[in-house]
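Single-structure report; data block below.
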Amino acid sequence: MMAIILLAAMPIALIGGVPAWHSYRATLEAPGNRTDLTVSRIDLELRHESEHLSSLLQAVSRMRLDDAGLRHMLELVQSLTGRHYSQIALADDRGNILTAVGPQKGSPPLGLDAMPRFQGDVGLVALADPATHVPAYFRITVSTTIYDDAGRPARPGYLTAIMPLSWRSAILQASDPRLDLVQQNGPVEIWVVDSRAHAAVPLCSDCNWSLQPPERIMQWARATLAMGEEQAHITLPDGSFSIGRVQDGVHMLTMTRRNAGERHAVVMFAISLVSSGLLLLMGLLGASKSADVLVITPLRQLTTSVNQWQLGGMYDVRSNWAMPLEVRQLAHAFSKATRKLARHEKRLERAQARQELLLKEMHHRVKNNLQIVASLLNLQAGRIRQPAAREEFAQARDRVRALATLHRYLYADGELYSLNMQSFVRELCGQIMHAIGESDEGRITLDIRVDDLLMVPDQAVPLALIVTEAVSNTIKYAFPDRQHGTLEVGLRALSGDRACLWIADNGVGMAAVRNHPGTEEGRSGIGMQLIRGFARQLGGELQMFEENGTRYVLVFPLKQPEQDETAG
1 MMAIILLAAM PIALIGGVPA WHSYRATLEA PGNRTDLTVS RIDLELRHES
51 EHLSSLLQAV SRMRLDDAGL RHMLELVQSL TGRHYSQIAL ADDRGNILTA
101 VGPQKGSPPL GLDAMPRFQG DVGLVALADP ATHVPAYFRI TVSTTIYDDA
151 GRPARPGYLT AIMPLSWRSA ILQASDPRLD LVQQNGPVEI WVVDSRAHAA
201 VPLCSDCNWS LQPPERIMQW ARATLAMGEE QAHITLPDGS FSIGRVQDGV
251 HMLTMTRRNA GERHAVVMFA ISLVSSGLLL LMGLLGASKS ADVLVITPLR
301 QLTTSVNQWQ LGGMYDVRSN WAMPLEVRQL AHAFSKATRK LARHEKRLER
351 AQARQELLLK EMHHRVKNNL QIVASLLNLQ AGRIRQPAAR EEFAQARDRV
401 RALATLHRYL YADGELYSLN MQSFVRELCG QIMHAIGESD EGRITLDIRV
451 DDLLMVPDQA VPLALIVTEA VSNTIKYAFP DRQHGTLEVG LRALSGDRAC
501 LWIADNGVGM AAVRNHPGTE EGRSGIGMQL IRGFARQLGG ELQMFEENGT
551 RYVLVFPLKQ PEQDETAG
């Protein structure tokens with residue numbers, strides 16, 4: 001009932017909850033989107049600054065100046081730009097610095113990665129701080145031609161400038177678009193990180209930003225760069241963080257906090273969620289209480305009465321006018337049905353008792369008839385003088401006795417649908433030993449290793465005949481010349497609803513028996529044919545091993561007795 005009430009309230013909850021959830025998700029993602037946008041803006045500003053510097057250098061390179069003129073022009077560029085650049089230098093065609101202006105005097109020669117690849121190309125490479133290994137400068141290089149005093153081309157060279165990567169809010173002009181990013185204690189903080197995110201440096205040196213991002217953010221940045229992602233962001237309770245690649249493969253890590261409007265939206269969402277949940281809960285409790293009084297309690301009483309009736313008690317449901325009409329009708333229908341079922345159950349119990357009595361009587365009569373047949377075969381064998389014919393009658397007698405023993409177990413123990421194989425196999429083997437005349441001499445030791453398992457008669461019959469044939473053959477032929485030995489008979493349940501039967505002896509073995517005069521027919525004649533046939537009937541796999549005697553191994557699927565049969 002509660003599930004029905006919940007399903008009825010679910011559409012209303014979804015109508016109100018889905019838009020609120022989308023609004024809440026958009027509010028949560030807003031800081032992350034701003035950090036991604038900040039990375040894009042940083043990349044745009046760096047590209048704009050590097051293009052401006054490269055345009056200045058290309059303008060100087062197009063002037064027909066000698067070494068002194070170029071140096072004078074570089075000093076002029078440095079002065080016009082407020083000495084913002086760390087170094088502006090002239091290099092020869094091999095990259096060796098010829099002259100340089102700016103605070104950073106000493107500089108290594110240009111590398112191949114910093115040199116332009118063709119005329120008009122601009123070389124751009126990031127330079128890392130030796131102490132932190134974090135990119136701190138951009139080196140921008142353009143090709144130029146150095147002229148002599150007469151204005152004739154003398155030799156090729158390069159104009160190069162080192163541009164600081166960090167920004168300073170104090171030197172930015174009022175119209176500079178970077179001012180809304182670099183603010184004192186502003187909502188945005190930006191760090192430059194190395195290629196593996198092991199170290200970070202604030203992009204703005206005078207903005208009072210944190211010197212390092214939180215350690216868990218650095219761990220996240222390292223994992224993001226290790227996966228090769230170009231840009232990613234993460235949102236945490238204290239802010240959103242984004243990492244992305246900007247100019248020349250430099251990575252920027254940005255952080256932004258939620259503004260007042262976003263914090264207010266999150267709080268309002270939590271308040272509306274709690275209030276809506278409380279109202280919905282109150283409505284569900286009211287509906288469930290009404291349903292319990294009007295429907296659940298009468299049905300529970302009906303169920304209790306039915307359970308008592310199933311356990312053998314009386315079915316008694318007293319309907320009253322407070323019950324719904326449908327429940328009263330259901331109780332009345334159950335009353336009529338239980339009375340009919342009780343009468344029918346008594347008839348079935350009488351029929352079942354009669355059926356079991358008839359089945360026991362049938363097994364008893366079959367057992368008696370089989371014993372009579374065995375006795376007749378025994379009498380007939382006593383009148384036959386030929387040993388081979390007498391032996392055939394004895395084998396037929398043993399097979400009939402095995403079936404008689406099986407039927408005696410079925411009716412004597414009351415197990416009409418299953419057979420306890422442990423006691424049955426033990427008695428069957430002892431009966432065979434006694435019939436052959438080996439039970440009292442002690443020449444052959446019988447070792448029975450049978451698990452306490454149940455088997456249906458359809459499988460017990462062929463299994464009993466296999467045991468009869470194999471044990472008879474072993475007793476008669478495995479120990480010639482009155483030798484002593486051991487006969488082992490085992491039956492064990494395996495995993496996967498399978499069973500294993502084995503019959504082993506430590507006698508002379510199959511090869512010796514075949515070579516012994518007068519025993520080949522008994523060992524490999526109809527007895528082996530019956531064993532293989534009954535093994536196929538069981539659906540099993542029969543194997544024979546000849547090592548220190550003979551060993552029969554039969555693995556077959558084990559059928560389980562039906563539940564209703566074993567219960568009966």
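In full-length UniProt numbering, the protein residues as written are 1 to 568.
Backbone N, C-alpha and C fix where the C-beta goes; we use that ideal spot for every residue, glycine too.
Keep in mind it's a predicted model, so treat the numbers as computed, not measured.
- For the pair of segments examined, the stretch 188 to 205 was found to touch the stretch 122 to 138: the number of CB pairs separated by less than 8 Å reaches three.
- Collapsing the DSSP output to three states places residue 355 in a helix.
- When secondary structure is reduced to three states using DSSP, residue 282 falls in the helix class.
- The residue from 271, 559 and 34 with its alpha-carbon nearest to that of residue 254 is 34.
- Inclusion of residue 101 and residue 74 in the CB contact set at 7 Å is warranted, their separation being smaller than that value.
- Between the stretch 256 to 273 and the stretch 281 to 291, the count of C-beta pairs closer than 8 Å stays below three; the two stretches do not touch.
- By the criterion of a C-beta distance shorter than 6 Å, residue 492 is surrounded in its chain by 451 and 500, once the five residues flanking it on both sides are discounted.
- DSSP links residue 242 through a beta bridge to 233 and 254.
- In this chain, the beta strand (DSSP E) harbouring residue 541 covers 541 to 546.
- A contact between stretches requires three or more CB pairs, one per stretch, nearer than 8 Å, and the stretch 35 to 54 meets this requirement with the stretch 234 to 252.
- Residue 187 sits close to residue 256, with the two beta carbons spaced by under 7 Å.
- For residue 375, the number of other beta carbons within 10 angstroms of its own is below 16, and it is reported as exposed.
- Spatial neighbours of residue 535 in its own chain (CB-CB distance under 6 Å, excluding positions within 5 residues in sequence) are listed in chain order as 542 and 554.
- Listed in chain order, the beta strand (DSSP E) elements of length 3 or more contained wholly in the stretch 32 to 103 are 87 to 92 and 97 to 101.
- Under the DSSP assignment, residue 303 falls in the alpha helix (DSSP H) whose first and last residues are 297 to 310.
- Rounded to the nearest angstrom, the Cβ distance from residue 504 to residue 551 is 4 Å, consistent with a contact under 8 Å.
- Nearest C-alpha to residue 49 among 444, 396 and 163: 163.
- Fully enclosed alpha helix (DSSP H) runs of no fewer than 4 residues occupy 457 to 477 of the stretch 456 to 502, in order along the chain.
- The residue from 216, 150 and 114 with its alpha-carbon nearest to that of residue 65 is 150.
- Pairing residue 433 with residue 401, the inter-Cα distance amounts to about 13 Å.
- By the neighbour-count definition (other C-beta atoms within 10 Å, threshold 16), residue 267 is an exposed residue.
- Segment contact: the stretch 154 to 172 against the stretch 74 to 93, three or more CB-CB distances shorter than 8 Å; contact assigned.
- At a Cβ-Cβ threshold of 7 Å, residue 490 and residue 549 do not count as neighbours.
- Per DSSP, residue 115 is not a residue of any alpha helix (DSSP H), being assigned neither H nor E.
- Under the 10 Å beta carbon count, residue 445 is surrounded by fewer than 16 other beta carbons and is classified as exposed.
- CA-CA distance, residue 404 to residue 368, rounds to 7 Å.
- Under the DSSP assignment, residue 426 falls in the alpha helix (DSSP H) whose first and last residues are 421 to 436.
- Ranking 156, 82, 309 and 83 by CA distance to the CA of residue 94 puts 156 first.
- Taking a C-beta distance under 7 Å as the contact criterion, residue 128 and residue 110 do not qualify as a contact pair.
- Rounded to whole angstroms, residue 461 and residue 425 show a C-alpha spacing of 11 Å.
- The criterion of a C-beta distance shorter than 7 Å is satisfied by residue 398 and residue 472.
- Per DSSP, residue 145 lies in no alpha helix (DSSP H); the unbroken beta strand (DSSP E) holding it starts and ends at 135 to 147.
- If you draw a straight line from the Cα of residue 210 to the Cα of residue 202, it comes to about 7 Å.
- Within the model, the alpha-carbon separation for residue 307 versus residue 289 is close to 25 Å.
- Between residue 556 and residue 539, the CB-CB gap stays under 7 Å.
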